[in-house]
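Each residue of the sequence shown is one higher than the last, beginning at 55 in this note's numbering. Glycine is no exception: its CB is placed at the ideal position from the N, C-alpha and C atoms. Here the structure is a predicted model, which is why all the values come from computation and not from measurement. As structure tokens, the structure follows; a few thoughts come after it.
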Amino acid sequence: MTGKAILFGEHAVVYGVPAIAIPIDRHLSVEVIGSGHGPELAADCWKVAVRLDVEQPDARALQQAFGLALDLTPRCPHRIIARVDSEIPRSAGLGSSAALSVALVRALAGYAGESLAPDEELSRAAEIEKIFHANPSGIDHSVVAIGRPIVFRKQGGAEAGVDLGRIFKLVIATAGSHGGTAARVQALARRRQSMAELYQNAFAAIGQVVERALLALKKGDAAEVGALMDFNQGLLNALGVSSPELERGLGVAREAGALGAKLSGAGGGGAFLALCDDDPQPVLRALRGAGFEPFVTTLAPDGQGKALIEEIGQAARR
Ligand code: PMV
55 MTGKAILFGE HAVVYGVPAI AIPIDRHLSV EVIGSGHGPE LAADCWKVAV RLDVEQPDAR
115 ALQQAFGLAL DLTPRCPHRI IARVDSEIPR SAGLGSSAAL SVALVRALAG YAGESLAPDE
175 ELSRAAEIEK IFHANPSGID HSVVAIGRPI VFRKQGGAEA GVDLGRIFKL VIATAGSHGG
235 TAARVQALAR RRQSMAELYQ NAFAAIGQVV ERALLALKKG DAAEVGALMD FNQGLLNALG
295 VSSPELERGL GVAREAGALG AKLSGAGGGG AFLALCDDDP QPVLRALRGA GFEPFVTTLA
355 PDGQGKALIE EIGQAARR
């Protein structure tokens with residue numbers, strides 16, 4: 055199971071605009087094994103373990119998510135340990151909670167001998183994501199479950215795959231934690247109340263960026279995709295969801311030759327993406343030199359994604 059990044063359209067997607075999400079080269083897995091005691095979720099990678107029979111205020115969301123995942127899988131025995139192994143940092147906008155939600159649903163169903171239809175898997179993961187995100191658009195767990203770049207709309211789910219006219223190389227890094235998606239989304243909603251029209255215009259402009267980006271991705275026009283990333287970032291700035299540390303990382307990436315760069319996800323910290331021409335090394339080196347821990351994700355044209363996405367999209371709309 056991969057994590058995810060939002061290439062275009064975060065936040066505006068909550069207000070009905072389509073967005074583009076991609077899987078990234080960072081993974082999470084959940085393995086369920088039998089145990090001598092009641093259910094336990096062990097995530098050594100995040101230095102946390104939760105049980106359902108003890109109060110753990112510092113890990114309440116994880117505890118609730120695990121409890122709900124078990125409730126959604128009534129045939130799963132309770133004497134189990136669910137071991138989480140993750141390369142995806144938490145609270146960084148890289149889809150750790152979505153990857154955990156989908157992987158937990160799959161692993162528990164697998165252990166219970168249930169085979170899940172894609173729409174059932176998505177709807178269970180959506181319930182779990184609500185614990186982490188309060189009111190998620192659904193983009194995170196959809197792209198993670200599908201494992202391909204998707205166009206996503208809040209009302210329609212994963213609407214289509216993304217046609218790519220060439221390989222695109224993205225450098226991804228994080229600027230600390232974003233402190234929780236729900237808080238960022240709620241703060242934006244409050245700011246919007248006093249400037250509803252301006253915010254609505256910004257969301258509409260982001261929608262236009264997404265439409266143009268789909269064409270540029272299809273044409274394989276990396277320069278245009280990069281320019282649109284910068285444009286999207288400007289609009290995210292207007293919405294107040296960037297941060298000084300994010301802007302520093304974006305500046306370093308652009309100075310090192312990135313074709314465009316933007317934050318990804320809820321903002322205020324967390325992930326950012328830089329699109330590179332063929333060789334990502336200069337951007338990687340510059341970001342490392344500036345104290346970030348970047349990695350590369352490659353988006354490759356893939357003819358198989360579309361049919362799967364259409365099937366899942368239809369299931370999500372039923
Ligand atoms: O959880 P994050 O940081 O990937 O942000 C999710 C994207 C938002 O558009 C900000 C919220 C949502 O539910 O779509």
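### Beta carbon of Leu289 nearer than 7 Å to that of Ser296
Residue numbering aside, residue 289 sits at position 235 when the sequence shown is read from its first letter. Residue numbering aside, residue 296 sits at position 242 when the sequence shown is read from its first letter. The criterion of a C-beta distance shorter than 7 Å is not satisfied by Leu289 and Ser296.
### Query
Roughly how far, in whole angstroms, is the beta-carbon of Asp217 from the beta-carbon of Leu271, given that I think they are within contact range, below 8 Å?
One-based indexing of the sequence shown puts residue 217 at position 163. One-based indexing of the sequence shown puts residue 271 at position 217. So it is a contact: roughly 7 Å between Cβ atoms.
### Message
Using only CA atoms, which one of Glu181, Val198, Met249 and Gln247 lies nearest to Leu124?
### Response
The residue given as residue 124 occupies position 70 in the sequence shown. Leu124 has its Cα closest to that of Glu181, out of Glu181, Val198, Met249 and Gln247.
### Query
Starting from Leu329 and walking both ways along the beta strand (DSSP E), at which residues does that stretch end?
The residue given as residue 329 occupies position 275 in the sequence shown. Gly324 to Cys330 is the extent of the beta strand (DSSP E) around Leu329.
### Task
Enumerate in chain order the residues of its own chain whose CB-to-CB distance from Gly323 is below 6 Å, with the five nearest sequence positions on each side excluded.
Residue 323 sits at position 269 when you count from the first residue of the sequence shown. Ala229, Gly230, Ser231, His232 and Ser297.
### Message
Measuring straight from C-alpha to C-alpha, what distance separates Leu327 and Ala227?
### Response
Residue mapping note: residue 327 aligns to position 273 of the sequence shown, counting from 1. Residue mapping note: residue 227 aligns to position 173 of the sequence shown, counting from 1. Going by the C-alpha atoms only, they are around 7 Å apart.
### Query
Can you find a heavy atom of ligand 1 that lies under 6 Å from the Cβ of Ser191?
As a working mapping, residue 191 is identified with position 137 in the sequence shown. If you check the C-beta of Ser191 against ligand 1, you find a heavy atom less than 6 Å away.
### Query
Taking only runs of the alpha helix (DSSP H) that begin and end inside the stretch 142 to 181, which ones reach a length of at least 4 residues, in chain order?
Fully enclosed alpha helix (DSSP H) runs of 4 or longer: 150 to 165.
### Message
On the DSSP bridge list, what partners appear for Val102?
### Response
Residue 102 sits at position 48 when you count from the first residue of the sequence shown. In the DSSP output, where bridge partners are listed per residue, Val102 has Ala97.
### Query
When DSSP labels each residue in this structure, what does Arg133 get in the three-state scheme?
Here residue 133 refers to the residue found at position 79 of the sequence shown. Here Arg133 sits in coil by DSSP.
### Query
Cα separation between Lys26 and Pro128?
As displayed, the chain neither begins before 55 nor continues past 372, which places residue 26 out of reach and without an answer.
### Query
Looking at C-beta atoms only, is the number of pairs between the stretch 201 to 210 and the stretch 68 to 76 that lie closer than 8 Å three or more?
By the Cβ test, the stretch 201 to 210 is in contact with the stretch 68 to 76, since at least three Cβ pairs between them sit closer than 8 Å.
### Query
From Thr235 to Met249, what does the alpha carbon distance come to, in whole angstroms?
Here the question's residue 235 lines up with position 181 in the sequence shown. Here the question's residue 249 lines up with position 195 in the sequence shown. One alpha carbon belongs to Thr235, the other to Met249, and they sit about 21 Å apart.
#### Entry: Any 3 or more C-beta pairs closer than 8 Å across the stretch 130 to 149 and the stretch 79 to 96
Contact between the stretch 130 to 149 and the stretch 79 to 96 is established, with three or more Cβ pairs separated by less than 8 Å.
### Task
Please go through the same chain and pick out, in chain order, the residues whose beta-carbon is closer than 7 Å to the beta-carbon of Val54, but skip the five residues on each side of it.
The structure shown has nothing for residue 54, since the chain only spans 55 to 372.
### From Gly90, Ala258 and Gly149, residue whose alpha carbon lies closest to that of His81
Translated into the one-based positions of the sequence shown, residue 81 becomes position 27. Nearest of Gly90, Ala258 and Gly149 to His81, Cα basis: Gly149.
### Query
Under a three-way DSSP split, which group does Asp139 fall into?
In the sequence shown, the residue the question calls residue 139 occupies position 85. Here DSSP, grouped into helix, strand and coil, assigns Asp139 to strand.
### Val264 beta carbon near ligand 1 (any heavy atom closer than 6 Å)
Looking up residue 264 in the sequence shown gives position 210. Ligand 1 never approaches Val264 closely enough for any of its heavy atoms to be under 6 Å from the residue's Cβ.
### Message
Can you tell me where the beta strand (DSSP E) holding His81 begins and where it ends?
### Response
Locating residue 81 in the sequence shown gives position 27, where the first residue counts as 1. Boundaries of the beta strand (DSSP E) harbouring His81: Ala73 to Gly88, taken from the DSSP string.
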